[in-house]
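Notes follow the structure.
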Amino acid sequence: MDTKHVLAALAALAQESRLAAFRLLVQAGPDGLAASKIAGRLDMAPSSLSFHLKELAHAGLIAARQDGRYVIYSASFDTMNGLLAFLTENCCGGVPCVPAAGATACCEPATTIKEA
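Be aware that the sequence shown starts at 5, since it is given in the numbering used here, and climbs by one per residue.
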């Protein structure tokens, strides 16, 4: 993932409603959710949601597909994983580590200080 696309993705996610919508779509998995379900779960007006979904789609973070009369939105996991790979590419200053999801650190401190 190049810097231009990383910046677009981070800019799109740097807004509370868009971040919430993206996280909801990640939780929904590859099947995605209809716009009406997203709006209901986020307690958001459909017009506001439409604006935010367009921003996420423009950044490549989500995709839309027609399913009958519904538009189904799903997270673009390839883009999400590319963004995470870009952000953790040089993790831990060259010390081998496995970047961890969640609140845990991806590497141990280089040195520990013991009290005398």
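Even for Gly, the Cβ is constructed at its ideal location relative to N, Cα and C.
- Looking from the CA of residue 74, the closest CA among 17, 48, 36 belongs to 36.
- Excluding the 5 residues flanking it on each side, residue 46 has same chain C-beta neighbours closer than 8 Å at 21, 24, 25, 28, 53, in chain order.
- Note on geometry: alpha-carbon atoms of residue 30 and residue 11 lie some 20 Å from one another.
- The C-beta of residue 7 has fewer than 16 other C-beta atoms within 10 Å across all chains shown, which makes the residue exposed.
- A distance below 7 Å separates the beta carbons of residue 66 and residue 80.
- Counting along the chain, no alpha helix (DSSP H) covers residue 78; the unbroken beta strand (DSSP E) around it starts and ends at 74 to 79.
- Between the alpha carbons of residue 62 and residue 101 lies a gap of roughly 33 Å.
- A direct Cα-Cα distance of roughly 27 Å separates residue 70 from residue 15.
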